[in-house]
Amino acid sequence: MGCAETTNTRILAEVKSGKPTISQVRAFCRVMDKNDAIGVFITIEPVSAGMRQEAADMGTFLHNNETFPRLQFWQIDDAYFQAPSSLRNLIRLPKQWLEPMRKMERRFTDTQVNFNLRGNVD
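Numbered according to numbering that gives the first Met the number 0, the sequence shown spans residues 0 to 121.
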């Protein structure tokens, strides 16, 4: 991939909630190639060494004379919600692409919600 400009660079993201597989990463790589894009594969579970090799095989892109991996992985954990700026250490993209960073508000509480059903239940 050539020199990436902020005005025309496409960044794709894929999110997997279960255990990621190498076939999912390879399919994402094909979509990245088709769209001449940079990719961030977001998971909750860790990725394998084979998946990391697929990322290495995707190569790099150049922006302002800096080289960045074209495919990167981001494993979401609680540390991110406490300090969103930690993403800068996990994802290697031009700094201005990751601005602004602000603390994310949690949308879920530890409170269980009870639902009462009214009427006939068979």
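Glycine residues also receive a C-beta, built at the ideal position from the N, C-alpha and C atoms.
With a 10 Å radius around its C-beta and 16 neighbouring C-beta atoms as the bar for buried, classify residue i as buried or exposed.
{"i": "Thr-70", "result": "Strictly speaking, residue 70 in this sequence is Leu, with Thr absent from that position. By the 10 Å Cβ count, Leu-70 comes out buried."}
{"i": "Ala-54", "result": "buried"}
{"i": "Pro-45", "result": "exposed"}
{"i": "Ala-36", "result": "buried"}
{"i": "Glu-4", "result": "The predicted position of Glu-4 is uncertain, since its pLDDT is 44 and thus under 50; no value can be drawn from it."}
To the nearest angstrom, how far is it from the Cα of residue i to the Cα of residue j?
{"i": "Lys-33", "j": "Arg-9", "result": "11 Å"}
{"i": "Thr-6", "j": "Pro-93", "result": "Confidence at Thr-6 is low in this model, with a pLDDT of 49, below 50, so its placement is unreliable and the value that follows should be read with caution. Going from the Cα of Thr-6 to the Cα of Pro-93 covers about 13 Å."}
{"i": "Ala-26", "j": "Ala-48", "result": "17 Å"}
{"i": "Lys-18", "j": "Arg-51", "result": "15 Å"}
{"i": "Cys-28", "j": "Leu-61", "result": "18 Å"}
{"i": "Ser-22", "j": "Gln-81", "result": "32 Å"}
{"i": "Met-31", "j": "Leu-11", "result": "7 Å"}
Enumerate in chain order the residues of its own chain whose CB-to-CB distance from residue i is below 8 Å, with the five nearest sequence positions on each side excluded.
{"i": "Ser-85", "result": "Ala-78, Tyr-79"}
{"i": "Trp-73", "result": "Val-39, Phe-40, Ile-41, Thr-42, Leu-86, Leu-89, Ile-90"}
From the DSSP output, read off the bridge partner residues of residue i.
{"i": "Pro-68", "result": "Thr-59"}
{"i": "Lys-15", "result": "Thr-42"}
{"i": "Gln-74", "result": "Thr-42"}
{"i": "Ile-10", "result": "Ile-37"}
Please return the same chain residues whose Cβ sits closer than 7 Å to the Cβ of residue i, not counting the five positions on each side in sequence.
{"i": "Pro-68", "result": "Ala-54, Thr-59, Arg-91"}
{"i": "Asp-121", "result": "Its pLDDT being 49, under 50, Asp-121 is placed unreliably by the model, and nothing is read from it."}
{"i": "Val-24", "result": "Phe-40, Met-50, Glu-53"}
Residues in the same chain with beta-carbon distance under 6 Å from residue i, minus the five sequence neighbours each way, listed in chain order, please.
{"i": "Glu-13", "result": "Phe-27, Phe-40"}
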